[in-house]
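K.L.:
Reminder that position 6 of the sequence shown reads as 17 in my numbering, one-by-one numbering, no gaps.
The C-beta atom is built at its ideal place from N, Cα and C for all residues, glycine as well.
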Amino acid sequence: MAKAKLTLYVDEKTSKLAHKTARLSGKSISTIVKEYFMNKQKEIRSKEISDSVSKWIGILDTKKTYKELRDEHIESRLRRYEGLD
12 MAKAKLTLYV DEKTSKLAHK TARLSGKSIS TIVKEYFMNK QKEIRSKEIS
62 DSVSKWIGIL DTKKTYKELR DEHIESRLRR YEGLD
């Protein structure tokens with residue numbers, strides 16, 4: 012994964028809280044921020060997305076081309092209709 016720099020400007024109270032949390036958890040602030048955003052993304056996906064839409068998100072995450080996915084779908088339908096599945 013390529014790394015990028017993220018600069019956050021926060022007030023002094025938030026900064027102290029972030030440093031304290033980092034010391035207590037043994038993680039860096041950047042790791043805590045990364046985990047926060049990853050967890051938020053997971054919450055959004057699981058909460059607001061219907062089953063039919065999550066199916067397509069799963070398909071998007073497979074990194075296959077449309078033609079490969081289409082061919083797999085056609086093959087699975089043929090197997091089902093022929094009673095092979």
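So, helix, strand or coil for valine 21, using DSSP?
P.N.:
Valine 21: coil per DSSP, three-state reduction.
K.L.:
In the structure shown, what three-state DSSP assignment does lysine 31 receive?
P.N.:
Here lysine 31 sits in helix by DSSP.
K.L.:
Could you check the C-alpha separation between threonine 25 and leucine 17 for me, to the nearest Å?
P.N.:
Approximately 16 Å between the Cα atoms of the pair.
K.L.:
What number of angstroms, rounded off, separates the C-alpha of tyrosine 47 from the C-alpha of threonine 73?
P.N.:
Computed Cα separation, rounded: 24 Å.
K.L.:
Have a look at glutamate 54 and threonine 42 and give me their C-alpha separation to the nearest angstrom.
P.N.:
Each residue's Cα considered, the two are about 18 Å apart.
K.L.:
Would you report the Cα separation of lysine 14 and arginine 91, rounded to the nearest angstrom?
P.N.:
Each residue's Cα considered, the two are about 45 Å apart.
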